[in-house]
Amino acid sequence: MIKKTPNSQLKASRPGIQDLTLKNRLPITVIADNIRSIYNVGSIFRSSDAAGIEKLILSGITATPPHPQLAKTSLGAELSVSWEYHRDALPLLESLKEQKIPLIALEHTNESVDFQNFSYPFPLAVLIGNEVEGVSDSYLGYCQEAVEIPMAGLKQSLNVAVAYGIFVYELRRQFLQRF
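Note that the sequence shown covers residues 13 to 191 in this note's numbering.
As C-alpha coordinates, this is what we get:
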(Lines of atoms letter the chains of each structure in order from A and count residues from 1; the text may use other names and numbers.)
(Lines give C-alpha, C1' and ligand atoms only; values in the text may rest on other atoms or scores of the structure.)
Protein backbone atom coordinates (compact mmCIF):
# COMPACT_ATOMS: atom_id res chain seq x y z
CA MET A 1 0.00 0.00 0.00
CA ILE A 2 1.36 3.41 -0.96
CA LYS A 3 1.68 5.84 1.96
CA LYS A 4 2.69 9.48 1.99
CA THR A 5 6.08 10.28 3.43
CA PRO A 6 5.58 12.45 6.54
CA ASN A 7 6.81 16.05 6.24
CA SER A 8 9.11 15.55 9.23
CA GLN A 9 10.88 12.71 7.42
CA LEU A 10 11.14 14.72 4.19
CA LYS A 11 12.56 17.71 6.04
CA ALA A 12 15.13 15.57 7.88
CA SER A 13 16.47 14.25 4.56
CA ARG A 14 16.96 17.73 3.00
CA PRO A 15 20.17 19.75 3.32
CA GLY A 16 20.18 22.86 5.50
CA ILE A 17 20.83 26.32 4.08
CA GLN A 18 24.40 26.17 5.36
CA ASP A 19 24.93 23.00 3.25
CA LEU A 20 23.79 24.56 -0.01
CA THR A 21 26.64 25.78 -2.17
CA LEU A 22 26.93 27.09 -5.71
CA LYS A 23 28.63 23.85 -6.78
CA ASN A 24 25.27 22.11 -6.35
CA ARG A 25 23.47 24.66 -8.52
CA LEU A 26 22.76 24.56 -12.24
CA PRO A 27 24.68 27.16 -14.30
CA ILE A 28 21.51 29.08 -15.06
CA THR A 29 20.70 32.73 -14.37
CA VAL A 30 17.02 33.63 -14.51
CA ILE A 31 15.85 37.18 -15.15
CA ALA A 32 12.29 37.80 -13.94
CA ASP A 33 11.30 41.12 -15.47
CA ASN A 34 8.28 43.18 -14.42
CA ILE A 35 6.44 40.36 -12.65
CA ARG A 36 3.31 42.02 -11.24
CA SER A 37 2.14 39.51 -8.64
CA ILE A 38 4.20 39.19 -5.50
CA TYR A 39 2.79 35.67 -5.08
CA ASN A 40 4.17 34.74 -8.50
CA VAL A 41 7.56 36.06 -7.41
CA GLY A 42 7.40 33.83 -4.32
CA SER A 43 6.53 30.83 -6.48
CA ILE A 44 9.41 31.64 -8.84
CA PHE A 45 11.79 31.65 -5.85
CA ARG A 46 10.40 28.30 -4.69
CA SER A 47 10.75 26.69 -8.14
CA SER A 48 14.26 28.15 -8.48
CA ASP A 49 15.26 26.57 -5.18
CA ALA A 50 13.66 23.24 -6.06
CA ALA A 51 15.36 23.04 -9.47
CA GLY A 52 18.73 24.29 -8.21
CA ILE A 53 18.98 27.52 -10.19
CA GLU A 54 22.25 29.39 -9.61
CA LYS A 55 20.92 32.96 -9.60
CA LEU A 56 17.63 34.81 -9.86
CA ILE A 57 17.65 38.41 -11.04
CA LEU A 58 14.56 40.51 -10.35
CA SER A 59 14.04 43.62 -12.45
CA GLY A 60 11.58 46.41 -13.13
CA ILE A 61 8.45 46.31 -10.96
CA THR A 62 9.20 42.78 -9.72
CA ALA A 63 8.90 42.65 -5.91
CA THR A 64 11.94 41.75 -3.83
CA PRO A 65 12.47 40.11 -0.46
CA PRO A 66 11.95 40.63 2.36
CA HIS A 67 8.20 40.76 2.06
CA PRO A 68 5.61 38.72 4.02
CA GLN A 69 3.44 37.98 0.95
CA LEU A 70 6.45 36.82 -1.05
CA ALA A 71 7.58 34.65 1.86
CA LYS A 72 4.09 33.12 2.06
CA THR A 73 4.52 31.42 -1.33
CA SER A 74 8.31 31.02 -1.35
CA LEU A 75 8.29 29.25 2.04
CA GLY A 76 11.81 30.48 2.77
CA ALA A 77 13.28 29.83 -0.70
CA GLU A 78 14.25 33.51 -0.89
CA LEU A 79 16.88 32.63 1.74
CA SER A 80 18.43 29.78 -0.27
CA VAL A 81 18.41 31.24 -3.79
CA SER A 82 21.05 33.79 -4.70
CA TRP A 83 19.25 36.87 -6.04
CA GLU A 84 19.79 40.48 -6.92
CA TYR A 85 17.67 43.39 -8.10
CA HIS A 86 18.21 45.56 -11.18
CA ARG A 87 15.85 48.45 -11.81
CA ASP A 88 16.53 48.12 -15.54
CA ALA A 89 17.48 44.77 -17.07
CA LEU A 90 18.95 46.29 -20.24
CA PRO A 91 22.53 46.75 -18.96
CA LEU A 92 22.45 43.15 -17.72
CA LEU A 93 21.25 41.88 -21.12
CA GLU A 94 24.04 43.84 -22.81
CA SER A 95 26.56 42.32 -20.40
CA LEU A 96 25.30 38.79 -21.12
CA LYS A 97 25.69 39.48 -24.84
CA GLU A 98 29.27 40.72 -24.35
CA GLN A 99 30.07 37.61 -22.28
CA LYS A 100 28.51 35.42 -25.00
CA ILE A 101 26.13 33.82 -22.50
CA PRO A 102 23.08 32.58 -24.43
CA LEU A 103 19.79 34.22 -23.46
CA ILE A 104 16.60 32.19 -23.93
CA ALA A 105 13.13 33.76 -23.61
CA LEU A 106 10.18 31.76 -22.32
CA GLU A 107 7.66 33.45 -24.60
CA HIS A 108 5.22 32.86 -27.45
CA THR A 109 6.74 34.46 -30.57
CA ASN A 110 6.63 33.92 -34.31
CA GLU A 111 9.83 31.86 -33.97
CA SER A 112 9.27 30.03 -30.66
CA VAL A 113 10.04 26.34 -30.50
CA ASP A 114 8.59 23.73 -28.16
CA PHE A 115 10.58 24.01 -24.91
CA GLN A 116 11.10 20.23 -24.85
CA ASN A 117 12.49 20.11 -28.40
CA PHE A 118 15.32 22.58 -27.82
CA SER A 119 18.81 21.53 -26.74
CA TYR A 120 19.82 24.14 -24.17
CA PRO A 121 23.42 25.37 -24.03
CA PHE A 122 24.91 25.64 -20.56
CA PRO A 123 25.69 27.99 -18.92
CA LEU A 124 22.73 30.09 -19.99
CA ALA A 125 20.42 32.89 -18.96
CA VAL A 126 16.63 32.74 -19.12
CA LEU A 127 14.24 35.67 -19.47
CA ILE A 128 10.66 35.55 -18.22
CA GLY A 129 8.29 38.49 -18.40
CA ASN A 130 5.15 40.16 -17.20
CA GLU A 131 1.93 38.19 -16.68
CA VAL A 132 0.00 40.27 -19.23
CA GLU A 133 2.55 41.65 -21.69
CA GLY A 134 5.15 38.88 -21.50
CA VAL A 135 8.78 39.57 -22.30
CA SER A 136 9.39 43.14 -23.46
CA ASP A 137 9.75 43.43 -27.25
CA SER A 138 12.93 45.45 -26.79
CA TYR A 139 14.44 42.65 -24.68
CA LEU A 140 13.53 39.91 -27.17
CA GLY A 141 16.18 41.30 -29.51
CA TYR A 142 18.84 40.17 -27.03
CA CYS A 143 17.56 36.58 -27.03
CA GLN A 144 19.17 33.88 -29.14
CA GLU A 145 16.04 31.74 -28.93
CA ALA A 146 12.46 31.81 -27.70
CA VAL A 147 10.80 28.68 -26.37
CA GLU A 148 7.18 28.07 -25.46
CA ILE A 149 5.04 25.52 -23.69
CA PRO A 150 2.48 24.16 -26.18
CA MET A 151 -1.12 24.64 -25.09
CA ALA A 152 -3.79 22.00 -25.75
CA GLY A 153 -6.78 23.87 -24.31
CA LEU A 154 -8.58 27.12 -25.00
CA LYS A 155 -6.14 29.35 -23.13
CA GLN A 156 -3.06 30.62 -24.92
CA SER A 157 -0.70 30.50 -21.95
CA LEU A 158 -0.10 29.42 -18.37
CA ASN A 159 0.44 31.59 -15.32
CA VAL A 160 4.06 32.84 -15.42
CA ALA A 161 5.03 31.04 -12.20
CA VAL A 162 3.46 27.75 -13.34
CA ALA A 163 5.10 28.00 -16.78
CA TYR A 164 8.44 28.81 -15.15
CA GLY A 165 8.21 25.77 -12.85
CA ILE A 166 7.56 23.45 -15.79
CA PHE A 167 10.33 25.06 -17.82
CA VAL A 168 13.08 24.95 -15.18
CA TYR A 169 12.53 21.25 -14.65
CA GLU A 170 13.11 20.68 -18.37
CA LEU A 171 16.35 22.66 -18.02
CA ARG A 172 17.29 20.54 -15.01
CA ARG A 173 16.47 17.31 -16.83
CA GLN A 174 18.60 18.24 -19.83
CA PHE A 175 21.51 19.45 -17.70
CA LEU A 176 21.60 16.29 -15.56
CA GLN A 177 21.27 14.09 -18.63
CA ARG A 178 24.29 15.68 -20.31
CA PHE A 179 26.64 16.61 -17.44
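Think of the CB as a built atom: it goes at the ideal place given N, C-alpha and C, for glycine as much as any other residue. As the structure is a computational prediction, the values presented were derived from the model and not from experiment.
- With distances taken between CA atoms, Val-125 lies nearest to Glu-157 out of His-98, Glu-157 and Ser-107.
- Across the set Phe-191, Asn-52, Ile-56 and Ile-47, the C-alpha of Ile-47 shows the shortest separation from the C-alpha of Ile-73.
- With contacts defined as CB atoms closer than 8 Å, Arg-184 and Leu-38 qualify as a contacting pair.
- Judged by DSSP in its simplified three-state form, Glu-123 adopts coil rather than helix or strand.
- Annotation: the continuous alpha helix (DSSP H) that includes Pro-103 extends over 102-110.
- With the rule of 3 Cβ pairs closer than 8 Å, the stretch 132-141 does not count as touching the stretch 87-99.
- With a threshold of 16 other beta carbon atoms within 10 Å, Ile-40 meets it and is buried.
- Contact between Leu-68 and Ser-60 holds, with the beta-carbon distance rounding to 5 Å and staying under 8 Å.
- Assignment of alpha helix (DSSP H) within the stretch 24-82, counting only whole runs of 4 or more residues, yields 50-63 in chain order.
- With distances taken between CA atoms, Thr-121 lies nearest to Pro-162 out of Pro-162, Leu-166 and Lys-112.
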